[in-house]
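Colleague:
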Amino acid sequence: MITIGLTTWSEHQSLLANHPRPLTLTEYAAFFPTVEVDTTFYALPQVQTIHNWQAAVPTTFQFIFKAPQELTTHSGVLSSSALKTSMAAFITCLQPLLVSHQVKTTLFQFPPYFTATSENYIYLKHLRQLAPNLPIAVEFRHESWLTGPQKTQTVTICHQLHYTLVAADEPHHLPGSVPFVLAQTTPNLILIRLHGRNAVGWGNRSPEWRKKRTLYRYSDQELTNLARLIRKHQTAVQEFCVIFNNNSGGDAAPNAQALQSKLQLHFDNLAPKPPEQTDLF
Numbered sequence: 003m004i005t006i007g008l009t010t011w012s013e014h015q016s017l018l019a020n021h022p023r024p025l026t027l028t029e030y031a032a033f034f035p036t037v038e039v040d041t042t043f044y045a046l047p048q049v050q051t052i053h054n055w056q057a058a059v060p061t062t063f064q065f066i067f068k069a070p071q072e073l074t075t076h077s078g079v080l081s082s083s084a085l086k087t088s089m090a091a092f093i094t095c096l097q098p099l100l101v102s103h104q105v106k107t108t109l110f111q112f113p114p115y116f117t118a119t120s121e122n123y124i125y126l127k128h129l130r131q132l133a134p135n136l137p138i139a140v141e142f143r144h145e146s147w148l149t150g151p152q153k154t155q156t157v158t159i160c161h162q163l164h165y166t167l168v169a170a171d172e173p174h175h176l177p178g179s180v181p182f183v184l185a186q187t188t189p190n191l192i193l194i195r196l197h198g199r200n201a202v203g204w205g206n207r208s209p210e211w212r213k214k215r216t217l218y219r220y221s222d223q224e225l226t227n228l229a230r231l232i233r234k235h236q237t238a239v240q241e242f243c244v245i246f247n248n249n250s251g252g253d254a255a256p257n258a259q260a261l262q263s264k265l266q267l268h269f270d271n272l273a274p275k276p277p278e279q280t281d282l283f
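Per my numbering: the sequence shown ends with 283, consecutive numbering throughout.
#1: Could you check which residue in Tyr220, Ala185, Thr36, Ile52 has the C-alpha nearest to that of Leu196?
#2: Measure the C-alpha to C-alpha separation of Ile232 and Gly7 and round it to an integer number of angstroms.
#3: With distance defined between alpha-carbon atoms, name the residue in Thr166, Leu17, Ala258 nearest to Thr226.
#4: Kindly provide the ranges of any alpha helix (DSSP H) runs that are 4 or more residues long and lie completely inside the region 107 to 133, ordered along the chain.
#5: Starting from Thr5 and walking both ways along the beta strand (DSSP E), at which residues does that stretch end?
#6: Given a threshold of 16 other Cβ atoms within 10 Å of its Cβ, counted over all protein chains shown, does Thr94 qualify as buried or as exposed?
#7: Contact between the region 17 to 24 and the region 39 to 48 is defined here as three or more beta-carbon pairs at a separation below 8 Å; is this criterion met?
#8: Quick one: is Asn135 buried, meaning 16 or more other Cβ sit within 10 Å of its Cβ, or exposed?
#9: Straight-line CA distance for Lys234 to Gly251?
#10: Would DSSP call Val183 helix, strand or coil?
#11: So, for His53: in the same chain, excluding its five sequence neighbours on each side, which residues have a beta-carbon less than 8 Å away from its beta-carbon?
#12: Taking the alpha-carbon positions, what's the Ser12 to Ile192 distance?
#13: Nearest CA to the CA of Thr158: which residue from Leu132, Ala170, Thr188?
#14: Pull up the DSSP beta-bridge partners for Val244, would you.
#15: My output table needs one value for Asp281: the three-state DSSP class, helix, strand or coil.
#16: Classify Ala31 as helix, strand or coil using the three-state DSSP reduction.
#17: Mapping the DSSP letters down to three states, classify Gln64 as helix, strand or coil.
#18: According to the neighbour-count rule (16 or more other Cβ atoms, all chains shown, within 10 Å of its Cβ), is Ser88 buried or exposed?
#19: Near Leu282, what residues of its chain come up, given a Cβ to Cβ distance below 6 Å and the 5 sequence neighbours on each side ignored?
#20: Whose C-alpha, out of Val101, Trp147, His128, Phe110, is nearest the C-alpha of Gln71?
#21: Which residue from Asp171, Phe65, Thr119 puts its Cα closest to that of Leu100?
#22: In angstroms, rounded to a whole number, what distance separates the CA positions of Met3 and Leu184?
#23: Where does the unbroken alpha helix (DSSP H) through Leu73 begin, and where does it stop?
#24: Which residues does DSSP list as the beta-bridge partners of Glu224?
#25: From Lys127 to Val79, what does the alpha carbon distance come to, in whole angstroms?
#26: Could you have a look at Leu167 and say whether DSSP puts it in helix, strand or coil?
#27: Sorted by chain position, which residues of the same chain lie with C-beta nearer than 6 Å to Ala69's C-beta, five sequence neighbours on each side aside?
#28: Would you mind sorting Val202 into buried or exposed? The rule is 16 or more other CB atoms within 10 Å of its CB.
Structural data, given as structure tokens:
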């Protein structure tokens, strides 16, 4: 199975060409079967918010939730007890969607200073001990994990800990970037995240650096090459998921739809849930 999605749902106004405004989750779910949610990196939503999201989408729709920043060392290394508390809160927050099998995976995107050291390997192992059943995908942002002999070791580590190793497409051979490494480390999921290839914007350090980094539109040839790569590897895994994160200029949705067309995909069961029936008599 091949699935395609975008980061967030409200920002893809091109999907509603006649009504350019922020999309609702239900409107987004009429186009794609999955979405990546990054708000959980900053703060966990209320339980009612989770239920509202669940009610807004078909039962087959799945979410990818970005792990809270304290779990990925963005806020410094927590004590063992604080780390345990934070992980437990994250799992509790997602519980309704975990029960309904609507969490495709959780994304642990580590900062560039999280390098391939023995201490950080122990940290990865500790995270799995705290969440033995949580689906986890890891994205490394320092090249030390994905170059030289360490690349093989990283793939092995992900196999052992049952982590999906994210293949990140971004400008390569630049400071602060990582190579594209596509490796199946779990039987159920391969995950590609497409950040764009804006080499100039990637190293931007202005106040708007986040917008500059993902300002990129994949060309037709680049999408054709991507489709060929997916077809080559899709049979080795239960699901091959592609997330477009190149949306600074509103390019993610058009690129995703173009890839869907190249792969001749038709996503079933995207109709929103029917409203609950109320007995009138």
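The beta-carbon is built from N, C-alpha and C at its ideal position, and this holds for glycine as well. Bear in mind the structure is a predicted one, so any value in this text is a computation, not a measurement.
Modeller: With the given structure in hand:
#1: Position 194 of the sequence shown, counted from the start, is the residue given in the question as residue 196. Looking at the Cα atoms, Tyr220 is the closest of the given residues.
#2: Here residue 232 refers to the residue found at position 230 when the sequence shown is read from its first residue. Here residue 7 refers to the residue found at position 5 when the sequence shown is read from its first residue. Approximately 15 Å, taken between the alpha carbons.
#3: One-based indexing of the sequence shown puts residue 226 at position 224. Measuring from the Cα of Thr226, the nearest candidate turns out to be Ala258.
#4: 120 to 132
#5: As a first step, residue 5 must be located in the sequence shown, where it is residue number 3. Residues 4 to 9.
#6: As a working mapping, residue 94 is identified with position 92 in the sequence shown. It is exposed - the Cβ of Thr94 has fewer than 16 other Cβ atoms within 10 Å.
#7: no
#8: Your numbering for residue 135 matches position 133 in the sequence shown. So Asn135 counts as exposed.
#9: Here the question's residue 234 lines up with position 232 in the sequence shown. Here the question's residue 251 lines up with position 249 in the sequence shown. So the two alpha carbons sit approximately 30 Å from each other.
#10: For the purposes of this step, residue 183 is taken as residue 181 along the sequence shown, with counting starting at 1. In this structure, Val183 counts as coil in the three-state DSSP scheme.
#11: Residue 53 sits at position 51 when you count from the first residue of the sequence shown. Taken in chain order, the residues that qualify are Pro98.
#12: In the sequence shown, residue 12 corresponds to position 10, counting from 1. In the sequence shown, residue 192 corresponds to position 190, counting from 1. Near 25 Å, if we compare the C-alpha coordinates of Ile192 and Ser12.
#13: On the sequence shown, position 156 is the one that residue 158 refers to. Nearest option by C-alpha distance: Thr188.
#14: Your numbering for residue 244 matches position 242 in the sequence shown. Bridge partners of Val244: Ile6, Ile194.
#15: Residue mapping note: residue 281 aligns to position 279 of the sequence shown, counting from 1. Note that Asp281 scores a pLDDT of 39, beneath 50, so its modelled location is shaky; the value from the coordinates is reported in the next line. Looking at Asp281 - three-state DSSP - the assignment turns out to be coil, as it is neither helix nor strand.
#16: Along the sequence shown, read from residue 1 onward, the residue named residue 31 stands at position 29. Of the three classes helix, strand and coil, the one that applies to Ala31 here is coil, per DSSP.
#17: Taking the first residue of the sequence shown as 1, we reach residue 64 at position 62. Looking at Gln64 - three-state DSSP - the assignment turns out to be strand.
#18: In the sequence shown, residue 88 corresponds to position 86, counting from 1. Looking at its Cβ environment, which holds 16 or more other Cβ atoms inside 10 Å, Ser88 is buried.
#19: Residue numbering aside, residue 282 sits at position 280 when the sequence shown is read from its first letter. Because the pLDDT at Leu282 is just 37, under 50, the model does not fix this residue reliably, and the value given afterwards should be weighed accordingly. Correct list: empty, nothing qualifies.
#20: Within the sequence shown, the letter at position 69 stands for residue 71. For the residues Val101, Trp147, His128, Phe110, the minimum Cα distance to Gln71 belongs to Phe110.
#21: Here residue 100 is taken as the residue at index 98 of the sequence shown, counted from 1. Nearest option by C-alpha distance: Phe65.
#22: Position 1 of the sequence shown, counted from the start, is the residue given in the question as residue 3. Position 182 of the sequence shown, counted from the start, is the residue given in the question as residue 184. One C-alpha to the other measures close to 17 Å.
#23: Numbered from 1 along the sequence shown, position 71 holds the residue referred to as residue 73. Premise fails: Leu73 is in no alpha helix (DSSP H) and is neither H nor E.
#24: As a first step, residue 224 must be located in the sequence shown, where it is residue number 222. Beta-bridge pairing links Glu224 to no other residue.
#25: Counted from its first residue, the sequence shown places residue 127 at position 125. Counted from its first residue, the sequence shown places residue 79 at position 77. So the alpha carbons of these two residues sit roughly 14 Å apart.
#26: What you label residue 167 is simply residue 165 of the sequence shown in a count that begins at 1. Strand at Leu167.
#27: On the sequence shown, residue 69 is found 67 positions in, with the first residue counted as 1. Only Thr108, Phe110 meet the Cβ criterion.
#28: By 1-based counting over the sequence shown, the position of residue 202 is 200. Its Cβ having fewer than 16 others within 10 Å, Val202 is exposed.
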